[in-house]
Amino acid sequence: MLAVIKENKEVEFVIREVPKPVPKTNDVLIKVKAVGICGSDMPIFAGISKWPLPLIPGHEFAGVIEEVGSGVKDFEAGDRVTAGLVINCGECIYCRQGLESLCENIVETGIHVDGAFAEYVTVPAKTLHRMPETMTFDQGASIDPIASAYRPVKKANIGSEDSVVVFGPGPIGIYTVQCAKAEGA
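Going by the working numbering, the letters in the sequence shown line up with residues 4 to 188, in that order.
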């Protein structure tokens, strides 16, 4: 399969053939249909991130499940999905409290392990979200950044009586404005 790879800090990136990943017991193999470029991908491409190389970046994606591991029960080949970035351990104090994003043993797709700037990606089934048939793959690939904007808006209980200021004109900032507006601000 073809993949975009950051091989070392000196080379920006290369596109080359790599072996198609094989799903582990609780993983799925996804045919990538759309992938977004996140701000966190930029330091990887610039060679200034601390993440291990070589690496296939990309965590904002959507696609179709092609194969499921033997332990996967809730998904099957043909399902349209997107996935969360965080692969948590499920065992540390934070995971046990439902604070998976603070996991002490966090692994992130496209940052610590190969991601979706490729024809295929494998991820744990526990990170998946089904996409409705009415949702495009481009929209599915936007779920992660939209969720990053939506959560603080919901947590702040923003409503029609509120004024909101968002610092930062990037995609997350723009999504935050849209989410606040949708809540009535």
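Heads up, the beta-carbon is just placed ideally off N, CA and C, and yes, glycines get one too.
**OP:** State the Cα-Cα distance for the pair H62 and S163, rounded to the nearest angstrom.
**Re:** Their Cα atoms are separated by approximately 33 Å.
**OP:** Round the Cβ separation of T112 and D30 to the nearest angstrom and send it over; I've been treating them as touching at under 8 Å.
**Re:** Between D30 and T112 the Cβ distance is about 11 Å, and since that is not below 8 Å, they are no contact.
Subject >> alpha helix (DSSP H) segment containing P55, residue limits >> reply: No alpha helix (DSSP H) holds P55; DSSP gives it neither H nor E.
Subject >> Element boundaries [beta strand (DSSP E), containing D141] >> reply: Run containing D141: none in the beta strand (DSSP E); it sits in the alpha helix (DSSP H), F140 to A144.
Original post:
Do I90 and P127 have their CB atoms nearer than 8 Å?
Top reply: In this structure, I90 lies near P127, with their beta-carbon atoms less than 8 Å apart.
Original post:
Shortest alpha-carbon distance to V25 belongs to which of V116, R133, C182 and V71?
Top reply: Measuring from the Cα of V25, the nearest candidate turns out to be V71.
**OP:** Drop a sphere of 10 angstroms on the beta-carbon of R154, count the other beta-carbons inside from all chains shown, and report buried for 16 or more, exposed for fewer.
**Re:** With fewer than 16 other Cβ atoms from the protein chains shown falling within 10 Å of its own Cβ, R154 counts as exposed.
Subject >> C-beta atoms of P148 and I175 nearer than 8 Å >> reply: A contact, by the Cβ cut-off of 8 Å.
Subject >> Minimum C-alpha distance to E79 - residue among L88, E69, T85 and G87 >> reply: Per the Cα distances, E69.
**OP:** State the DSSP-derived secondary structure class of T179, mapped to helix, strand or coil.
**Re:** Here T179 sits in helix by DSSP.
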